[in-house]
Amino acid sequence: MLETILLFQNRLLLNLSRKNFNKKNVSDQTFTQNLYQNLKRHK
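Shown next, in the form of structure tokens:
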């Protein structure tokens, strides 16, 4: 249950932050990988 909530929050964060990251020329893939690393760290 908690993982589902975290994934949902991260999906929202990804959608919200994509524009800002695109301005910095950071790819969505890199951002998603960073998100995944953070998820693993918090487990």
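By this note's numbering, the letter at position 39 of the sequence shown is numbered 42, and the numbering carries on one by one without gaps.
Cβ coordinates follow ideal geometry from the N, Cα and C atoms, glycine included.
query                                                                                                                                                            : result
What is the C-beta distance between F3 and L17, in whole angstroms, given that I count them as a contact (C-beta under 8 Å)?                                     : Outside the shown range of the chain, which is 4 to 46, sits residue 3, and nothing can be said about it.
Express the C-alpha separation of N37 and L9 in angstroms, rounding to a whole number.                                                                           : 14 Å
In chain order, what residues of the same chain have a beta carbon less than 6 Å from the beta carbon of N13, not counting five sequence neighbours either side? : L38
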